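Numbers 277 to 400, taken from the working numbering, label the letters of the sequence shown in order. For reference, the structure is listed below as structure tokens.
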Amino acid sequence: MQILAILFAIFITYLLWAPLEKLSPGSVLLAIPPIEEGAKALAAWSFAVPIFSLHLGFGLAEALWELSRKKAPAAMAALLTHTCFGLAALWASARGRIAALGAALILHWLWNFFIYRLQLQRGS
């Protein structure tokens with residue numbers, strides 16, 4: 277059931293990513309956290325699987341995708357950050373599902389803001 281839930285989250289994220297390709301990089305960085313975190317939370321709740329392992333599996337899938345693009349640093353970042361988002365969700369889940377979603381979402385937005393600032397400094 278765990279793998280099916282991870283695949284479901286990936287599929288939902290993939291479907292919602294396509295329209296974002298036309299947006300500016302800054303807009304994408306703001307829009308992605310609710311899409312990814314929402315898809316992971318929905319999958320965990322719908323398939324009744326642990327939220328942390330779903331985040332870990334999602335991060336692994338994203339890391340494999342980045343490796344297929346020959347982007348090893350991005351792959352490592354994907355695995356580490358989604359693991360951290362999962363830990364935040366797990367920690368907050370004692371306060372309920374919305375708290376778990378919110379904790380992961382806030383951490384994801386903070387991460388994306390950090391990455392966006394780095395890109396601006398580099399001129400990318």
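Every residue, glycine too, gets a C-beta built ideally from N, C-alpha and C. Just so we're clear, the structure is a prediction, and the values are computed from it rather than from any experiment.
Counting only the same chain and skipping the five closest in sequence on each side, list residues whose C-beta sits under 7 Å from that of residue i.
i	result
A364	A379, A380, L383
L355	G335, L336, A339
Is residue i buried or exposed, if buried means 16 or more other CB atoms sit within 10 Å of its CB?
i	result
A348	exposed
F287	exposed
A294	exposed
A324	exposed
Give every residue of the same chain whose Cβ lies closer than 6 Å to the Cβ of residue i, excluding the five residues on either side of it in the sequence, and list them in chain order.
i	result
G362	F328, H331, L332
Express the C-alpha separation of residue j and residue i in angstroms, rounding to a whole number.
i	j	result
L386	C360	12 Å
K298	L291	14 Å
I282	R345	21 Å
A320	A368	15 Å
G374	A307	With the sequence shown as reference, residue 374 is identified as Ile, and Gly is not the correct amino acid for it. Roughly 18 Å separates the two Cα atoms.
I'd like the list of long-range same chain contacts for residue i, defined as Cβ closer than 8 Å, with 5 residues on each side in sequence excluded.
i	result
G302	Y392
L343	A351
Every unbroken alpha helix (DSSP H) within the segment 359-391, with a cutoff of 4 residues, ordered by chain
none
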